[in-house]
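> For reference, the structure I am asking about is given below.
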Amino acid sequence: MRPSQALRLWQQVMLHQVRDDAPDLTMRQTAILFTIYLDPPPHTVRGLAARLNVTKPVITRALDTMGAMKLVSRHRDELDKRNVLVKRTVEGALFVERFGDVIIARAQELPI
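For the sequence shown, full-length UniProt numbering assigns the number 1 to the initial residue and increments by one for each residue that follows.
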């Protein structure tokens, strides 16, 4: 795939997300969401901040937004009350799966 094709694919996927009235996530929120769903759990605010090289408040704000959309949930770690565990939800799993389906569909439409 050439860079122009990759950019066209990304544009088509983003246009689909906007037109489909899907949850409107920022790039940072999308990166956090995909990390939660594609990397094996457990996920913590501290761990996500380290993985994405951002501060814990940045992760917390993103999780606040995505939690309101029911894409993720947070719970105190019963073994270590200092940790907040970030968990997947059914709604979030469906969103990520549909996002993947859109990428596949749009990639198949690209000219060779």
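Glycine is no exception: its CB is placed at the ideal position from the N, C-alpha and C atoms.
#1: Assuming contact is defined by CB atoms lying nearer than 8 angstroms, are Q17 and R106 in contact in what I supplied?
#2: Label I104 either buried or exposed according to how many other C-beta atoms from any shown protein chain fall within 10 Å of its C-beta, with 16 as the threshold for buried.
#3: In chain order, what residues of the same chain lie with their CB nearer than 7 angstroms to the CB of R98, ignoring the 5 residues before and after it?
#4: Let me know the alpha helix (DSSP H) ranges lying completely inside the UniProt domain "HTH marR-type" (1-112), each 4 residues or longer, listed in chain order.
#5: Assuming contact is defined by CB atoms lying nearer than 8 angstroms, are L71 and T60 in contact in what I supplied?
#6: Got a sec? Which residues, its chain only, sit under 6 angstroms from D77 by beta carbon, not counting five neighbours each side?
Taking the geometry as given:
#1: No, these two residues do not count as a Cβ contact at 8 angstroms.
#2: exposed
#3: Around R98: no qualifying Cβ.
#4: 3-19, 27-38, 45-52, 56-68 and 90-109
#5: Taking 8 angstroms as the Cβ cut-off, L71 and T60 do not qualify as a contacting pair.
#6: N83 and L85
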